[in-house]
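Enquirer:
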Amino acid sequence: MEDLLKTVANILRSSKNAVVLTGAGISAESGIPTFRGTNGLWKKYRAEDLATPFAFQRNPRLVWEWYAWRMDLISKAKPNPAHITLAEMEKEGIIKAVITQNVDGLHFRAGSKNVIELHGNIWRIKCVNCNWKTVLNSPPSQIPPICEKCGGLMRPDVVWFHEPLPQDALHEAFKLAAQSDVMLIIGTSGVVQPAASLPLITREHGGTLIEINVTDTPLTPICQYTLRGKAGEILPKIHKHLKNTD
Ligand code: OAD
Ligand code: ZN
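Take the sequence shown: its letters are residues 15 to 260, numbered as in our numbering.
1. With a Cβ-Cβ cutoff of 7 Å, do Gly204 and Pro178 count as a contact?
2. What does the alpha-carbon distance come out to for the pair His176 and Lys257?
3. Is Asn143 a contact residue of the ligand ZN, with contact defined as CB to any heavy atom under 6 Å?
4. Can you name the residues that DSSP bridges to Tyr59?
5. Under 8 Å, with one C-beta from each stretch per pair, do the stretch 180-194 and the stretch 144-163 reach the 3-pair mark?
6. Between Val35 and Thr202, how many whole angstroms is the CB-CB distance? I'm expecting something under 8 Å.
7. Could you tell me the boundaries of the beta strand (DSSP E) in which Met197 lies?
8. In whole angstroms, give me the CA-to-CA distance for His219 and Glu186.
9. Using a threshold of 7 Å, state whether the C-beta atoms of His133 and Val117 are closer than that.
10. Pick out whichever of Gly119, Ile98 and Ile252 has its Cα sitting closest to the Cα of Gly243.
11. Who are Cys161's beta bridge partners in DSSP?
12. What ranges does the beta strand (DSSP E) occupy inside the stretch 165-247, keeping only unbroken runs of at least 3 residues that lie completely in it?
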């Protein structure tokens with residue numbers, strides 16, 4: 015493992031355009047449950063059953079209860095050593111950007127500047143009727159929250175299944191993926207599109223893929239390097255090797 019960490023540190027040090035793709039696993043050590051895997055269920059529901067426009071139409075209260083629960087956890091969570099190390103690596107010029115599927119905002123709170131939020135941000139909410147938007151800093155006191163302008167239903171301004179991703183963020187992410195010579199893929203199950211295609215773009219352009227995850231994923235076979243373990247433990251170790259030029 016030490017040799018592998020050293021090798022990965024050397025690859026990052028000599029890279030010109032390293033980018034990072036993160037998923038829910040990077041925030042697991044901050045106490046925010048992932049979507050899939052053993053602790054990935056809220057009550058009996060899967061993310062695919064709640065994070066859809068149909069689920070919201072059918073039962074806005076249920077969907078909001080789930081989001082209010084996640085908002086509460088996120089408001090109490092702190093960035094962990096994985097988020098913090100990525101912010102430091104950006105300051106040091108080792109990585110250029112973080113493309114995240116997470117809506118928790120923890121990369122920004124850790125100090126990362128160039129963060130592309132592919133799936134939106136949980137604190138932004140919008141009216142399904144008139145599109146009026148506002149930002150919360152705690153779970154809404156009334157569920158479901160009602161639009162101040164038109165009385166319509168407010169929803170989280172996040173990307174749900176069957177919905178398109180924000181055009182600007184998607185465009186930027188694909189551009190970064192095509193340009194990057196190294197992509198660090200951290201804590202994502204690699205099953206949700208189009209985010210899961212970004213590593214393929216980097217690979218097709220000759221870039222090197224490095225995965226950090228506690229388990230194998232569908233992306234593992236196309237990664238040149240895989241580091242098995244917790245992001246909050248592995249990233250600080252890589253960072254330490256980056257500083258030693260042995
Ligand atoms: P998932 O919940 O699908 O996957 C989390 C991944 O993190 C799994 O591969 C775990 O093995 C890994 N993992 C867990 N703990 C870890 C740790 N401490 N260190 C490193 N890896 C760890 O989350 P995503 O891939 O982000 O979208 O899911 C993608 C999208 O599906 C989410 O953005 C969300 C969800 O439905 C929407 O809501 C639209
Ligand atoms: Zn409205």
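Glycine included, C-beta positions come from ideal geometry on N, C-alpha and C.
Expert: Let me lay it out:
1. Counted from its first residue, the sequence shown places residue 204 at position 190. Counted from its first residue, the sequence shown places residue 178 at position 164. Result no, Cβ atoms of Gly204 and Pro178 do not sit closer than 7 Å.
2. Counted from its first residue, the sequence shown places residue 176 at position 162. Counted from its first residue, the sequence shown places residue 257 at position 243. When rounded, the distance between both Cα atoms is 44 Å.
3. Stepping through the sequence shown from its first residue, residue 143 is reached at position 129. Yes.
4. Residue numbering aside, residue 59 sits at position 45 when the sequence shown is read from its first letter. In the DSSP output, where bridge partners are listed per residue, Tyr59 has Trp56.
5. no
6. Along the sequence shown, read from residue 1 onward, the residue named residue 35 stands at position 21. Along the sequence shown, read from residue 1 onward, the residue named residue 202 stands at position 188. Correcting the residue identity first, residue 35 is Leu in this sequence and not Val. With 8 Å as the limit, Leu35 and Thr202 qualify as a contact, their Cβ atoms being about 7 Å apart.
7. In the sequence shown, residue 197 corresponds to position 183, counting from 1. Run containing Met197: Val196 to Ile200, per the beta strand (DSSP E) assignment.
8. The sequence position of residue 219 within the sequence shown is 205, counting from 1. The sequence position of residue 186 within the sequence shown is 172, counting from 1. Straight-line Cα distance between these residues: approximately 16 Å.
9. Position 119 of the sequence shown, counting from 1, holds the residue named residue 133. Position 103 of the sequence shown, counting from 1, holds the residue named residue 117. The answer is yes: Cβ separation under 7 Å.
10. One-based indexing of the sequence shown puts residue 243 at position 229. Answer by Cα proximity: Ile252.
11. Residue mapping note: residue 161 aligns to position 147 of the sequence shown, counting from 1. Cys161 pairs with nothing; no bridge assigned.
12. 168-172, 196-200, 222-227 and 239-242
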